[in-house]
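Peer 1: Using the working numbering, the first residue of the sequence shown is number 717, and each one after it goes up by one. Got a structure for you, written out below as structure tokens; questions coming shortly.
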Amino acid sequence: MTVSQAATTNTPSSVDLLPIAQRTRAAAQALAPLPTTIKNQAIAAIADALAAQTEEILAANAADCEAAIADQIAKPLYNRLKLDAVKLAGAIAGVRDVAQLPDPVGVVQVHTELDAGLELQRISAPLGVLGVIFESRPDAVMQISSLAVKSGNGVILKGGKEAVRSCQALVTAIRAGLEAAGVNPDAVQLLTTREETRAMLALEGYLDLIIPRGSNSFVRFVQDNTRIPVLGHADGICHLYVDRAADFDKAIQIAIDAKVGYPSACNAIETLLVHTAIAAEFLPQLATALQQHGVELRGDALTQSILPDVTPATEADWATEYSDLILAIKGVDALSAAIAHINTFGSRHTDAIVTEDLEAAATFRNQVNAAGVYHNCSTRFADGFRYGFGAEVGISTQTMPPRGPVGLEGLVTYKYHLVGNGHIVATYSGEAAQPFSHKNRLS
């Protein structure tokens, strides 16, 4: 069975993905040792192929969007699915940017002389094969494929049914680019059926990392149904806290950007906390600005007393990722109360404070448990491209690294290389043990 057949055939739940996984691993093993120049040429060739096939890609995406509308797809998913000429051009530019990033493979992180002639090095190395499952995000195909090539990894992509035509067009171009550059195109594979998703999650020993990108229920499903390590976040419940020492103009501008700019993004705010000392003066100004952009406001008792027309907020609102033009507002009587609320209801993604009090800002950044803690700026900056990573494979809200927007550094591991000349452990044991020198060779 060819790769394209595997991607389009409605196979039973017992679908066998081992042939595809084996080909991907073989291609990844050939990709891993390639010099930086060759990998960069392959990435450039991918970008060229995507640009050359722009018309076909946009036509495929238009067909996906038309079918999605007919299926009454949720608005946030539709926004993520749509790929217009501007968005595609930006994504292709992002692919080219990856070629400009430092190569994360082969970096000597530790170099220690254990003894004369016995040298230890810790050297970065590719993970192997990535499995990436996503909903409604065809741009993720380009981001992740280019990062996989740069980091020397193979990748098996599994897109949602709503983006199947878009993904097929994109992967066709990417594989053509790899082939033109003399790199085995089997390093990038595409799956599309639901049965293949379950089969992919069972590829322990063949996949080294699963990266899910989609709704919280979708990510939780992946986390609960595989023994392969998972990098991802299930929720994007981000907060903006407007402190009593906030500049109102800054706060309103930041709130609009963080809620209105792209409400379906995981880095958009879902809850705004405001200090009770300024609520009566600040909230009417904020409400006027947000409602001009069609934002529905939901508020606690204090907010309702100041803004009688807002929808009453329930306890569930504080733990809800709307992914839409809806914002929950709550009053808090102290910085500590804001931090406690965020640490209780937040998803450890990104949270921000607006204040001119530098001490309060430092306390917020130090005590809020999130991958991103911001002062006087929008939560929408939580993005691999904006961080200078070139692109991102996903955002991780786990405490252990990698954390936050994950770029190339999250796609490599390391190996310990030890080179000696007949050295044995017995020399360094017992009463006459020879001591280790442990000299740092990197400094």
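We put the CB at the ideal spot given by N, CA and C, even for glycine. None of these values were measured; they are calculated from a predicted model.
1. In angstroms, rounded to a whole number, what distance separates the CA positions of Tyr957 and Asp1067?
2. Measure the Cβ-Cβ separation of Phe850 and Ala841 and say whether it is below 8 angstroms.
3. Mind the definition here: the region 1026-1043 touches the region 912-928 only if three or more C-beta pairs lie below 8 angstroms; say whether that holds.
4. Could you tell me the boundaries of the beta strand (DSSP E) in which His827 lies?
5. How would you call Glu912, buried or exposed, if buried means at least 16 neighbouring beta carbons within 10 angstroms?
6. Three Cβ pairs or more, each shorter than 8 angstroms: is that satisfied between the region 984-999 and the region 1040-1049?
7. Residues in its own chain within less than 6 angstroms of Leu793 by CB, not counting five upstream and five downstream?
8. Tell me the rounded alpha-carbon separation between Gln816 and Asn756.
9. Please report the straight-line C-alpha distance between Ser1039 and Gly1100, rounded to a whole angstrom.
10. Quick test of your reading: Leu1051 and Phe1080, contact by CB under 8 angstroms. State the CB separation rounded to the nearest angstrom.
11. Between which residues of its own chain and Ala984 is the CB-CB distance below 8 angstroms, once the five residues before and five after are set aside?
12. Can you tell which of Asn941, Leu797, Pro1024 and Val731 has the C-alpha that lies nearest to the C-alpha of Ala996?
13. Bridge partners for Ile927 per DSSP, in chain order?
14. Touching or not, the region 1054-1071 and the region 777-797, by the rule of three or more beta carbon pairs under 8 angstroms?
15. DSSP on Leu750, reduced to helix/strand/coil?
16. What are the residues that DSSP puts in a beta bridge with Ala775?
17. Kindly identify the DSSP beta-bridge partner or partners of Pro842.
18. Quick one: what's got a C-beta closer than 6 angstroms to Ala767's C-beta in the same chain, skipping five residues either side?
19. Would you mind working out which of Phe1152, Arg914, Asn869 and Met858 sits nearest Val887, comparing C-alpha positions?
20. Ignore the nearest five residues each way along the sequence and tell me which others in Ala1005's own chain have a CB closer than 7 angstroms to its CB.
21. Identify which residue in Ala805, Glu1012, Glu1075 and Gly1120 has its Cα closest to the Cα of Leu947.
22. In angstroms, rounded to a whole number, what distance separates the CA positions of Asp959 and Ser1063?
23. Over what stretch of residues does the alpha helix (DSSP H) that includes Ile970 continue unbroken?
24. For Thr909, which residues does DSSP report across the bridge?
25. From this set, Leu1043, Gly1126 and Glu829, which residue's C-alpha is nearest Asn1156's C-alpha?
26. Using a Cβ-Cβ cut-off of 6 angstroms (strictly less than) and excluding sequence neighbours within five positions of Arg795, which residues of its own chain qualify?
27. Given 8 angstroms as the limit, is there contact between the region 897-907 and the region 929-947, that is, 3 or more CB pairs closer than that?
28. Give the straight-line distance between the Cα atoms of Leu750 and Ser1153, rounded to the nearest whole angstrom.
29. Determine the closest residue to Gly847 out of Gln837, Thr740 and Gly893, with distance taken between C-alpha atoms.
30. Using CA atoms only, rank isn't needed, just tell me which of Gln1020, Asp764, Val1109 and Val1026 is closest to Gly1010.
31. Take Asn726 and list the residues in its own chain whose beta-carbon comes closer than 7 angstroms to its own, dropping the five residues that flank it on each side.
32. Since Ser1112 is in the beta strand (DSSP E), which residue starts that stretch and which ends it?
33. Suppose the cutoff is 6 angstroms on Cβ atoms and the five residues either side in sequence are ignored; what does the same chain contact list for Tyr1144 look like?
34. Output needed for Met717: all residues of its chain with C-beta closer than 6 angstroms, excluding positions within five of it in sequence on either side, in chain order.
35. To which residues of the same chain is Gly688 closer than 8 angstroms at the C-beta, ignoring the five residues directly before and after it?
36. Taking Ala758 and Ala885 to be in contact with their CB atoms under 8 angstroms, please state how far apart those CB atoms are, rounded to whole angstroms.
Peer 2: Answer, in terms of the structure:
1. C-alpha separation (whole angstroms): 8 angstroms.
2. The Cβ atoms of Phe850 and Ala841 do not sit closer than 8 angstroms to each other.
3. No, because fewer than three Cβ pairs between the region 1026-1043 and the region 912-928 fall closer than 8 angstroms, the two stretches do not touch.
4. First-last of the beta strand (DSSP E) with His827: Val824 to Asp831.
5. Result: buried.
6. Output reads yes: the region 1040-1049 touches the region 984-999.
7. Answer for Leu793: Ser852, listed in chain order.
8. When rounded, the separation of the alpha-carbon atoms in Gln816 and Asn756 is 8 angstroms.
9. Their Cα atoms are separated by approximately 20 angstroms.
10. Indeed, because the Cβ distance is near 7 angstroms, the residues count as touching under 8 angstroms.
11. Excluding residues within five positions, the ones whose Cβ falls inside 8 angstroms are Gly952, Cys954, Ala974, Lys975, Gly977, Tyr978, Ser1039, Thr1095 and Arg1096.
12. Considering only alpha carbons, the answer is Pro1024.
13. Beta-bridge pairing links Ile927 to Val848.
14. The region 1054-1071, when compared against the region 777-797, does not touch it at the 8 angstroms Cβ threshold.
15. Looking at Leu750 - three-state DSSP - the assignment turns out to be coil, as it is neither helix nor strand.
16. Checking the DSSP bridge columns, you'll see Ala775 has no partner listed.
17. Pro842 pairs with Val1128.
18. Ile808, listed in sequence order.
19. If you compare the alpha carbons of Phe1152, Arg914, Asn869 and Met858 with that of Val887, the shortest gap goes to Met858.
20. For Ala1005, where only same-chain residues beyond five positions count, the Cβ hits under 7 angstroms are Ile968 and Ile972.
21. Of the candidates Ala805, Glu1012, Glu1075 and Gly1120, the one whose C-alpha sits nearest the C-alpha of Leu947 is Gly1120.
22. Their backbone Cα atoms lie some 21 angstroms apart in a straight line.
23. According to the DSSP assignment, Ile970 belongs to the alpha helix (DSSP H) that extends over Phe964 to Val976.
24. Looking at the DSSP output, Thr909 shares a beta bridge with no other residue.
25. The shortest Cα separation from Asn1156 among Leu1043, Gly1126 and Glu829 belongs to Glu829.
26. Contrary to the premise, residue 795 reads as Asn rather than Arg in this sequence. Closer than 6 angstroms at the Cβ level, and outside the excluded window around Asn795, lie Ser980.
27. Using a C-beta cut-off of 8 angstroms, the region 897-907 makes no contact with the region 929-947, since fewer than three inter-stretch Cβ pairs fall below that distance.
28. Computed Cα separation, rounded: 34 angstroms.
29. Closest in C-alpha terms to Gly847, from the list Gln837, Thr740 and Gly893, comes Thr740.
30. Of Gln1020, Asp764, Val1109 and Val1026, the residue nearest in Cα terms is Val1026.
31. Low confidence applies here, because Asn726 scores a pLDDT of 38, under 50, leaving its location unreliable; read the following figure in that light. Here the set comprises Thr909.
32. Residue range Gly1110 to Ser1112 is occupied by the beta strand (DSSP E) that includes Ser1112.
33. Excluding sequence neighbours, Tyr1144 sits near Gln1150.
34. For Met717, the predicted structure reports a pLDDT of 31, less than 50, and the residue's modelled location is therefore unreliable. The matter cannot be settled from this model.
35. Residue coverage of the chain in this structure runs from 717 to 1159, which leaves residue 688 outside it and unanswerable.
36. Contact annotation, Ala758 with Ala885: C-beta distance approximately 19 angstroms; criterion of less than 8 angstroms not satisfied.
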